[in-house]
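So the sequences go chain by chain: A and B. As numbered in the numbering used here, the first sequence has no gaps in its residue numbers, which increase by one up to the final residue, 294. As numbered in the numbering used here, the second sequence has no gaps in its residue numbers, which increase by one up to the final residue, 1503. Glycine included, each C-beta is placed from N, C-alpha and C at the ideal position. Since the model is a prediction, treat every value here as computed from it, not as a measurement.
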Amino acid sequence: MYGNTEKIAVKQTTAAHLLKNDRAGESVLVEDESQKNRKIRVQVISGQILVGILIIGLWEWLTRLSVLDSYYWSSPGMILATGWKAATQGTLMTDLAYTSGATVIGFLCGTLIGSAIGLSFWWSSIYSKITEPYLIAFNAVPKLALAPVLVIMFGIGFNSKVILAFLMTVIVAAMAAYSGVKNVDKDLEKMLFSLGARKHHVFFKVVIPSSVPWMVSSLKINIALALAGTIVGEFISSKQGIGRMILYAGQVMDLNLVWVGVVVLSFLAIVMYLGTVGLEKWVLKNKNHE
Amino acid sequence: MDKLKIVHNSKFFRKNGQEFCALQEANMSVADGKFVSIIGPSGCGKSTLFNIIAGLLKPSTGQVLLDGENIVGKSGSVGYMLQKDLLLPWRTILDNVILGLEIRGVSKKEARAHALPMLKRYGLKGFESHYPAELSGGMRQRAALLRTLLYDRDVILLDEPFGALDAQTRLFMQSWLLKIWSDFKKTILFVTHDIDEAIFLSDEIYVFSHRPGRIKAKVKVNLPRPRNEEALTQLTFSQLKQELLSMLKVEQEIK
Ligand SMILES: Nc1ncnc2c1ncn2[C@@H]1O[C@H](COP(=O)(O)OP(=O)(O)OP(=O)(O)O)[C@@H](O)[C@H]1O
Ligand SMILES: [Mg+2]
Chain A
5 MYGNTEKIAV
15 KQTTAAHLLK
25 NDRAGESVLV
35 EDESQKNRKI
45 RVQVISGQIL
55 VGILIIGLWE
65 WLTRLSVLDS
75 YYWSSPGMIL
85 ATGWKAATQG
95 TLMTDLAYTS
105 GATVIGFLCG
115 TLIGSAIGLS
125 FWWSSIYSKI
135 TEPYLIAFNA
145 VPKLALAPVL
155 VIMFGIGFNS
165 KVILAFLMTV
175 IVAAMAAYSG
185 VKNVDKDLEK
195 MLFSLGARKH
205 HVFFKVVIPS
215 SVPWMVSSLK
225 INIALALAGT
235 IVGEFISSKQ
245 GIGRMILYAG
255 QVMDLNLVWV
265 GVVVLSFLAI
275 VMYLGTVGLE
285 KWVLKNKNHE
Chain B
1249 MDKLKIVHNS
1259 KFFRKNGQEF
1269 CALQEANMSV
1279 ADGKFVSIIG
1289 PSGCGKSTLF
1299 NIIAGLLKPS
1309 TGQVLLDGEN
1319 IVGKSGSVGY
1329 MLQKDLLLPW
1339 RTILDNVILG
1349 LEIRGVSKKE
1359 ARAHALPMLK
1369 RYGLKGFESH
1379 YPAELSGGMR
1389 QRAALLRTLL
1399 YDRDVILLDE
1409 PFGALDAQTR
1419 LFMQSWLLKI
1429 WSDFKKTILF
1439 VTHDIDEAIF
1449 LSDEIYVFSH
1459 RPGRIKAKVK
1469 VNLPRPRNEE
1479 ALTQLTFSQL
1489 KQELLSMLKV
1499 EQEIK
């Protein structure tokens, strides 16, 4: 995890190189993990693309043959055409920006504030023990069921969507950070105190870094939860957003447009997922080289 | 005057409603610059005593005097290396070693510049930017010890620093420690289970009895310094070893 594989790899090649000079003509097998991994990666990605193309092709084919009723199932071709129209003449692009904006803002606020709450539990065990049951109880509340209340409280605009996304993520983030705090090695704390540290030294030098992997582990779940929160908010009542577009299309029986919404949301979810994976990598890397 | 004095230190714990004594009436006096070892059966309160001296634990009775001043409950007055190496896995060796300086408020850059020559000089050359997981056990112990040393207190407590090492590495580390000790002129308190190690390193050895931990004897080691492996074969050495062994054996039987 904290490895320095590159350096070692360099050493190995030079070693093999020397050996090769000694034994001209013989082939020397060098175990190269990274090359193996690269090869596997290429195979995996091309396999994934192939499966995707197969599914889409099958969908198109079955609807053309009328095995699937294209009124309900639409078809990749029609979705593309409707989507293009919605993007160029309709409001698809602004809807997309609206939904992703609310999701990302809610996610970031939820993660930051949630993590801060979880980490704060380290400072006092009495405070954390009093709070913990309420945290668990609040986590069990189906927050989406609160959506109508929130929309009335915060209006049908952008704010209520952000709040929903925030509520969906904040407790998960807090619990993840709290697990991290609970797993901090007590002896590490002791060691720091023996070096004359005060509580805040221990907090910043030990508690936060050793909780980072725990906090980061909740990011992927949280981005999906945030998106779900935003969409439900838009379903309840909204003037913009992909959720509202889907709801509207359903009401006017434009099932092609519903499919466009679903496909766009899937892509949004994938992009956001990849974004969090990148964020995760970046955080863990910076932690190693703070 | 004694550098470190331990006066009537006792520690009681209550576990499941039952009180027991982990350390009973410990009295020690350690002169400046001495190397003092503590041996005794497992669970006899050696680490407890160290935690008390380091100010991480308050004794139930008694005082700890450093240069005549009571340091009970004051952490950071002495250097303390706990039973594990406790290097932070997310920091490089260099950044682990400067931890004490950092806490004291020295800037990272300055601390690194100060520590780097030490790492080079004491056997960690080329490993400054490695992470603890990439190092051997002996190297990790060296890093942990240098961290304690850089914290720069007159008295250093070492709790079984070489307990987990193989015999070969252990011998090497003992000589290494003696070199550091003579270079830095520290007062060292050293816990070990290994009688050879205790004799080889120390000026004085305290023998602890089985629970409740009591100081049973204090033995002087009259071997000339500087010492090398030859000391291990001298007559004084084997006589002393015999004496200590029989003391500890009585302990085992009582147990
Ligand atoms: N915080 C604590 N609460 C209750 N009991 C404790 C506590 N710390 C230590 N003890 C008990 O005190 C006794 C002495 O422990 P200590 O760790 O000082 O022994 P030790 O001599 O260092 O043993 P070892 O050689 O195995 O390291 C043990 O029986 C231990 O269980
Ligand atoms: Mg111990």
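Exposed is the label assigned to LYS133 of chain A, since fewer than 16 other Cβ atoms lie within 10 Å of its Cβ.
In the DSSP assignment, VAL220 of chain A falls within the alpha helix (DSSP H) that extends over 212–221. Judged by their CB atoms, GLN1389 of chain B and ASP1442 of chain B are not nearer to each other than the 7 angstroms cut-off. Taking a contact to require three or more Cβ pairs closer than 8 angstroms, the region 1333–1352 of chain B and the region 194–209 of chain A qualify as touching. Here DSSP, grouped into helix, strand and coil, assigns VAL155 of chain A to helix. Using beta-carbon distances, LEU192 of chain A counts as an interface residue toward chain B, with a partner under 7 angstroms. DSSP places LEU1313 of chain B in the strand class (E or B) of the three-state scheme. CYS1292 of chain B has its CB nearer than 6 angstroms to a heavy atom of ligand 1. Between VAL145 of chain A and the set A:SER128, A:VAL155 and A:LEU168, the nearest pair of CA atoms involves A:LEU168. Buried is the label assigned to ILE83 of chain A, since at least 16 other Cβ atoms lie within 10 Å of its Cβ.
Note on MET1249 of chain B: under 16 other CB atoms within 10 angstroms of its CB, so exposed under the neighbour-count rule. Restricting attention to B:ARG1401, B:ASN1299 and B:PHE1438, the CA atom closest to the CA of PHE1410 of chain B is found in B:PHE1438. If you compare the alpha carbons of B:GLY1293, B:ASN1299 and B:ASP1431 with that of SER198 of chain A, the shortest gap goes to B:ASN1299. Following the DSSP letters along the chain, one finds CYS1292 of chain B in no alpha helix (DSSP H), marked with neither H nor E.
Taking a C-beta cut-off of 7 angstroms against chain A, the contacting residues of the region 1289–1304 of chain B are ALA1302 and LEU1304, listed in chain order. Between the region 251–269 of chain A and the region 134–153 of chain A there are fewer than three C-beta pairs closer than 8 angstroms, too few to call the two in contact. In the three-state DSSP reduction, SER74 of chain A falls in the helix class (H, G or I).
Closest by C-alpha distance to ARG1475 of chain B, out of B:SER1384, B:ASP1444 and B:ARG1462, is B:ASP1444. For MET257 of chain A, no beta strand (DSSP E) segment is defined, and its DSSP state is neither H nor E.
Remark: C-beta atoms of VAL264 of chain A and THR86 of chain A approach each other more closely than 7 angstroms.
Taking TRP1429 of chain B as reference, the option from B:LEU1393, B:LYS1373, B:THR1440 and B:LYS1357 with the minimal CA-CA separation is B:LEU1393. GLN39 of chain A and PRO152 of chain A have their C-alpha atoms spaced approximately 54 angstroms apart. About 7 angstroms separates the beta carbons of THR107 of chain A and MET276 of chain A, which is inside the 8 angstroms limit, making them a contact pair. Between LEU1334 of chain B and chain A, the shortest Cβ-Cβ separation is below 7 angstroms. The count of Cβ pairs closer than 8 angstroms, one atom from the region 1279–1299 of chain B and one from the region 1451–1467 of chain B, reaches three, so the stretches are in contact. Your pair GLY114 of chain A and ALA181 of chain A does not check out as a contact, with CB atoms roughly 12 angstroms apart and the cut at 8 angstroms. Neighbours of SER1457 of chain B in chain A, taken as residues at a C-beta separation under 9 angstroms, are lacking, since the least C-beta distance is about 26 angstroms.
Taking 7 angstroms as the cut-off, the beta carbon of VAL1469 of chain B is found closer than this to the beta carbon of SER1450 of chain B.
When B:MET1366, B:GLY1385 and B:LEU1383 are compared, the shortest CA-CA separation from LYS1427 of chain B is found for B:MET1366. Looking at the DSSP output, GLN1266 of chain B sits in a beta bridge with B:LYS1263.
Between the region 1369–1388 of chain B and the region 1262–1270 of chain B, the count of Cβ pairs shorter than 8 angstroms is below three; the stretches do not touch.
Within the region 1429–1470 of chain B, the runs of beta strand (DSSP E) at least 3 residues long that lie entirely inside it are, in chain order, 1435–1439, 1452–1456 and 1463–1468. Between PHE207 of chain A and chain B, the shortest Cβ-Cβ separation is not below 7 angstroms.
Not one heavy atom of ligand 1 sits closer than 6 angstroms to the Cβ of SER1450 of chain B. Take LYS1434 of chain B, set aside five residues on each side of it, and the residues of its chain with a beta-carbon closer than 6 angstroms to its own are ILE1404, in chain order.
Under the three-state reduction of DSSP, VAL1320 of chain B is assigned to coil, being neither helix nor strand.
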